[in-house]
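Scroll down for the structure; my scribbles are underneath it.
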Amino acid sequence: MAAPKIQELKELTRIERIGAHSHIRGLGLDDSLEARAVSQGMVGQIEARKAAGVILSMIKEGRIAGRAILMAGHPGTGKTAIAMGMAKALGEDTPFTMMAASEIFSLEMSKTEALTQSLRRSIGVRIKEEAELIEGEVVEIEIERSVTSGAKAGKLILKTTEMETVYDLGAKMIEQLQREKVVSGDVITIDRASSKISKLGRSFARASDYDAMGSQTRFVQCPEGELEKRKEVVHTVTLHEMDVINSRAQGFLALFAGDTGEIKDEVREQIDQKVAEWREEGKAEIIPGVLFIDEVHMLDIECFSFLNRALESDTAPIVIMATNRGIAQIRGTKFRSPHGVPLDLIDRSLIIMTRPYTAEEIMNILKIRCEEEDVEMTEDALDLLTTIGSETSLRYAIQLITTASLVAQKRKASEVDVQDIRRVYSLFIDIKRSTQFLKEYQEEYMFSEIN
Ligand SMILES: Nc1ncnc2c1ncn2[C@@H]1O[C@H](COP(=O)(O)OP(=O)(O)O)[C@@H](O)[C@H]1O
Ligand SMILES: [Mg+2]
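Numbering of the sequence shown is given in full-length UniProt numbering, commencing with residue 1 and proceeding in unit increments.
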């Protein structure tokens, strides 16, 4: 047998970046929707979290659509964090789209088109299909490369507890098997229609000869019965994905490129009709998801009225908006209104308030962030950072964690101490000191407007 030349694919190394909300893993609620003081990376903000939990269970039941929720509160009180918590708690099947209101002004499409796409990204369609699968344990894979043409050919032997069959392999299948790193002893399924291969795990029978497989290896039973089966497979796509795939101008490759451009109304109408048909036949189900619009006061009056209308459609998602504005001007008008959001939209929204944190809560959030950023900190340093957090802002205090840790590393200390916090506090100024500074030296800056 000619030695199979396996193309070496470069392993992708995953760089774990720590984002502002990477410590949030859920809403931290118990079964009766009460918020635990510190749980799943969430601290305090008990009422808002509980309210979010109530909304979450409405969404999970999947019966309501087209509700609007407004999260209002000071900057840095966890509005975005709670939205992230909801997204995590919803799981993968329910679509959750996050956007900043200002995004709609920077895309190469009209504002309403951008909003429509976001809304449709937030509606899932669960489609049931019957698929023909081949499911079995790999006994052997044989791949040969023709000396003259270089083309690959091969054989795959699969078995269940009752039978064993040899399959001929084409080039496409070989490539997939190699990409998925399928070896004998793996239990795999092959979708006949798309020839997509998925690895289910390793057969229990091989559990002993591979001690070195690592702890992530999942062991499964060797499948029973026939190798070829019909199975009901369920997959969820969003309306937007269906729009893009069916929009002839774009094609599904646009999904990966991300530049979908504007989508014609006719395409959307066709999709909606098709989905309605499927629903009637029991083939598909609508899953209303969540559209989160951060900094919603950045939308203008046209967008607001469009949203108002869109919420009335029976395939509308739950729209969660967040704002830190008080009474503010509605963009595109000369009128002012609470949160910079028109009254008719506020009127149909449930409002969740977030309130400023106590010192203890700030300390707990900082502690969680230290863990997340892998920083050791002494009690005293944490106390000082907490005071800084209460006097300036939570965000500013969070920023100082990694910077202080870098300063500590410079002096070869393993723990951040008070001196490091002092050092970064003097290196990086917060808003109050920055404003103070500007007031003192305003003449030296351009466009100075403070009197
Ligand atoms: N209750 C909380 N529990 C844990 N972390 C929080 C909490 N509230 C805020 N944070 C964190 O503090 C920072 C600022 O909060 P953020 O949600 O961005 O505020 P907002 O969106 O209200 O302006 C973020 O890093 C966020 O993850
Ligand atoms: Mg925010």
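Note that CB positions come from ideal geometry on N, CA and C, so glycine has one too.
Everything numeric in this text was worked out from a predicted model, so none of it was measured.
Under 8 Å by Cβ, that's how I've got residue i and residue j pegged, so tell me the actual separation to the nearest angstrom.
| i | j | result |
| --- | --- | --- |
| isoleucine 388 | leucine 400 | 7 Å |
| glycine 76 | arginine 395 | 5 Å |
| methionine 109 | glutamate 262 | 5 Å |
| isoleucine 134 | isoleucine 190 | 4 Å |
| lysine 152 | alanine 171 | 5 Å |
| leucine 169 | glycine 136 | At roughly 14 Å, the Cβ-Cβ gap does not stay under 8 Å, so leucine 169 and glycine 136 are not in contact. |
| glutamate 226 | threonine 160 | 7 Å |
| residue 482 | glutamate 361 | Because the chain in this structure spans residues 1 to 451, residue 482 falls outside the shown range and cannot be described. |
| serine 122 | leucine 291 | 4 Å |
| alanine 131 | lysine 231 | 6 Å |
| isoleucine 398 | leucine 366 | 7 Å |
| valine 138 | valine 182 | 6 Å |
| isoleucine 104 | cysteine 303 | 7 Å |
| residue 515 | histidine 240 | Look at the range of the chain in this structure, 1 to 451, and you will see that residue 515 is not part of it. |
How big is the Cα-Cα spacing for residue i and residue j?
| i | j | result |
| --- | --- | --- |
| alanine 2 | serine 184 | With a pLDDT of only 42 at alanine 2, under the threshold of 50, the placement of this residue in the model should not be trusted, and no figure is reported. |
| glycine 85 | methionine 363 | 20 Å |
| threonine 402 | alanine 381 | 13 Å |
| threonine 217 | arginine 206 | 11 Å |
| asparagine 308 | leucine 345 | 6 Å |
| tyrosine 167 | threonine 148 | 23 Å |
| glutamate 224 | glutamate 140 | 18 Å |
| isoleucine 6 | leucine 177 | With a pLDDT of 40 at isoleucine 6, under the threshold of 50, the predicted position of this residue should be treated as unreliable, and no value is reported. |
| methionine 58 | tyrosine 441 | 54 Å |
| proline 338 | threonine 116 | 25 Å |
| alanine 359 | threonine 386 | 7 Å |
| serine 118 | aspartate 294 | 13 Å |
| glutamine 40 | glutamate 47 | 16 Å |
| valine 233 | serine 194 | 13 Å |
| isoleucine 431 | phenylalanine 437 | 10 Å |
| threonine 80 | glutamate 280 | 37 Å |
| threonine 354 | asparagine 246 | 42 Å |
| valine 237 | arginine 268 | 15 Å |
| lysine 111 | threonine 392 | 36 Å |
| methionine 74 | arginine 325 | Here residue 74 turns out to be histidine, not methionine, going by the sequence shown. C-alpha separation (whole angstroms): 8 Å. |
| arginine 202 | isoleucine 188 | 9 Å |
| threonine 97 | tyrosine 357 | 27 Å |
| phenylalanine 335 | leucine 311 | 23 Å |
| leucine 56 | lysine 439 | 46 Å |
| histidine 235 | glutamate 180 | 21 Å |
| alanine 114 | lysine 412 | 50 Å |
| valine 341 | alanine 35 | 29 Å |
| lysine 429 | phenylalanine 219 | The amino acid occupying residue 429 in the given sequence is isoleucine; lysine does not appear at that position. Approximately 54 Å between the Cα atoms of the pair. |
| arginine 49 | threonine 333 | 33 Å |
| tyrosine 425 | glutamate 92 | 40 Å |
Considering residue i, what are the terminal residues of the beta strand (DSSP E) in which it resides?
| i | result |
| --- | --- |
| threonine 189 | 186-191 |
| aspartate 374 | Unbroken run through aspartate 374: none, as it is neither H nor E. |
| lysine 198 | Reading the sequence as shown, one finds serine at residue 198 and not lysine. Here the beta strand (DSSP E) through serine 198 covers 197-203. |
| glutamine 329 | 327-329 |
| serine 32 | Where serine 32 is concerned, there is no enclosing beta strand (DSSP E), given that its DSSP letter is neither H nor E. |
| methionine 321 | 318-323 |
| glutamate 262 | Unbroken run through glutamate 262: none, as it is neither H nor E. |
| serine 349 | 349-354 |
| isoleucine 287 | 284-288 |
| phenylalanine 96 | 96-100 |
| threonine 238 | 228-238 |
| serine 106 | That residue, serine 106, is in no beta strand (DSSP E); its alpha helix (DSSP H) goes 103-106. |
| leucine 311 | Element bounds for leucine 311: n/a, residue is neither H nor E. |
| arginine 218 | Note, arginine 218: premise wrong, no beta strand (DSSP E); not H, not E. |
| serine 337 | 336-338 |
| alanine 153 | 152-159 |
Just to confirm the assignment, what range does the alpha helix (DSSP H) spanning residue i have?
| i | result |
| --- | --- |
| glutamine 178 | 171-179 |
| histidine 23 | Per DSSP, histidine 23 belongs to no alpha helix (DSSP H) and is neither H nor E. |
| methionine 71 | Segment 68-73 is the beta strand (DSSP E) holding methionine 71; no alpha helix (DSSP H) there. |
| alanine 83 | 79-90 |
| arginine 422 | 418-427 |
| residue 461 | As displayed, the chain neither begins before 1 nor continues past 451, which places residue 461 out of reach and without an answer. |
| valine 407 | 394-410 |
| serine 118 | 111-121 |
| serine 414 | Note, serine 414: premise wrong, no alpha helix (DSSP H); not H, not E. |
| lysine 432 | 431-441 |
Cβ contact (3+ pairs, closer than 8 Å) linking the stretch 119-128 and the stretch 287-300 = yes
If you pair each beta-carbon of the stretch 412-419 with each one of the stretch 374-389, do three or more pairs fall below 8 Å?
-> yes
At least three beta-carbon pairs within less than 8 Å, the stretch 18-29 to the stretch 329-337 = no
Cβ contact (3+ pairs, closer than 8 Å) linking the stretch 346-357 and the stretch 68-75 = yes
So, do the stretch 290-303 and the stretch 134-146 have three or more beta carbon pairs nearer to each other than 8 Å?
-> no
Within the chosen definition, does the stretch 46-66 reach the stretch 311-324 through at least 3 CB pairs nearer than 8 Å?
-> yes
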